[in-house]
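Chemist:
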Amino acid sequence: MFDPAGLKYDANGLIPAIAQDHQSGEVLMMAWMNEESLRRTLARGHVTYWSRSRQDFWAKGESSGNVQKLVELRVDCDRDCLLLLVDQTGPACHTNRRSCFYTAVREGQEVIIMAPQNPSM
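In terms of our numbering, the sequence shown is numbered consecutively and its last residue is 137.
#1: Relative to the C-alpha of Ser80, which residue among Asn112, Ser69, Ser40, Ser67 is closest?
#2: Where Glu52 and Pro107 are concerned, what is the direct C-alpha to C-alpha distance, given to the nearest angstrom?
#3: What alpha helix (DSSP H) runs, 4 residues minimum, are completely inside the region 23–109?
#4: Alpha carbon to alpha carbon, how far is Trp74 from Pro132? Give it in angstroms, no decimals.
#5: Pull the bridge partners of Thr119 from the DSSP assignment, please.
#6: Buried or exposed for Arg114, please, with buried defined as at least 16 other CB atoms from any protein chain shown within 10 angstroms of its CB.
#7: The ligand MN heavy atoms versus the CB of Gly22: any closer than 8 Å?
#8: Looking only at C-alpha atoms, which of Leu44, Met17, Met49, Glu42 sits nearest to Ile31?
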């Protein structure tokens, strides 16, 4: 039986969690989890992160409706990073983009490579 207590958390009790679309493989975002947010995610099937700025749980999509349904949880070889394969409803990024990784560095310049899904944002 998987036990979240067996992971390697940082000094603040956090572990990085990368959300990836389970079908396309697209990396959607990176956020932080603690042991309790991971337990909530596993129990409910919807991803819950830990917000460092608010010092509170952040159930993805709770206010926006852009939820992440957990399809599979993977643990890296050092047990200090998580990969969440998810079914993403709507944009994953708070900028209303599909992914938080919408800026590329090309020939030394930052280039926006993904427009918001709602251009008014």
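Every residue, glycine too, gets a C-beta built ideally from N, C-alpha and C.
Modeler: Per the coordinate set shown:
#1: Asn112
#2: 25 Å
#3: 51–60
#4: 22 Å
#5: Ile128
#6: buried
#7: The model depicted lacks the ligand MN and carries no ligand whatsoever.
#8: Met49
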